[in-house]
Amino acid sequence: MTSAETGSGIDGVLRERLARLADDLIPPVDGMPAPSSIDLAGRQLDGVIASRPDLVTGIRRALEAADGAHDPIAWLEALRTEDPPGHDALVTAVVAGYYMHPDVMLRLGYPGQVAQPVSVAGFPDYLNEGLLERVYERGPIYRPTPGTPA
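Residue numbers are given in my numbering: position 42 of the sequence shown equals residue 957, and the series is strictly consecutive.
Laid out in structure tokens, this is it:
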């Protein structure tokens, strides 16, 4: 058991279940890898949990409920109505873990977020024509969201 398993509470049995479910959710087609072949239930899940620890409870609950599911797609549809937060957490973990994998990103031609320099010529004309000067001089006007610090 890895330290991530003990820290996340998602043990090896649930991770194996996640790998099987993920392969049904994202089948390997057109040269794309199967989720289980890119360690979706291991390293990729750990990356998702590191970014979104709020998903752990829903993922665990959904995977525990998937015990004995013979038709994963039908089970997932039922989960959507029976436990929407669990469904959303599970689907988010599968999709995010899959598309964050370097091999998947490479096959899709997606380099990830990269800095792109901006030239002065690339700014819209209204910035150079002074149409926003009144807005800048007025300053920010907004209503704070109730219940949040100002």
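Every residue gets a Cβ at the ideal spot worked out from N, C-alpha and C, and that includes glycine.
Worksheet item: Between which two residues does the alpha helix (DSSP H) harbouring residue 978 extend?
Response: 971 to 980
Discussion item. Here's a check: name, in chain order, each residue in its chain whose Cβ is nearer than 6 Å to the Cβ of residue 1062, leaving out the five neighbours to either side.
Written reply: none
Practice prompt. Would you check if the distance between the CB atom of residue 992 and the CB atom of residue 929 is smaller than 8 Å?
Written response: Judged by their CB atoms, residue 992 and residue 929 are not nearer to each other than the 8 Å cut-off.
Practice prompt. Between the Cα of residue 963 and those of 1023, 1018, 1019 and 923, spot the shortest distance and give me the residue it belongs to.
Written response: 923
Worksheet item: How is residue 1002 classed by DSSP in three states: helix, strand or coil?
Response: helix
Item to complete: May I ask you to verify whether the region 933 to 942 touches the region 951 to 963, counting CB pairs closer than 8 Å and requiring at least 3?
Response: yes
Worksheet item: Are there three or more Cβ pairs, one per stretch, closer than 8 Å when the region 965 to 984 is compared with the region 1000 to 1013?
Response: Contact between the region 965 to 984 and the region 1000 to 1013 is present, because at least three Cβ pairs lie under 8 Å.
Practice prompt. Please state whether DSSP places residue 933 in a helix, a strand or coil.
Written response: helix
Worksheet item: In three-state DSSP terms, what is residue 1022?
Response: helix
Item to complete: For the alpha helix (DSSP H) containing residue 966, list its first residue and its last residue.
Response: 960 to 966
Worksheet entry | Among 926, 1018 and 940, nearest to residue 1005 - alpha-carbon criterion | 940
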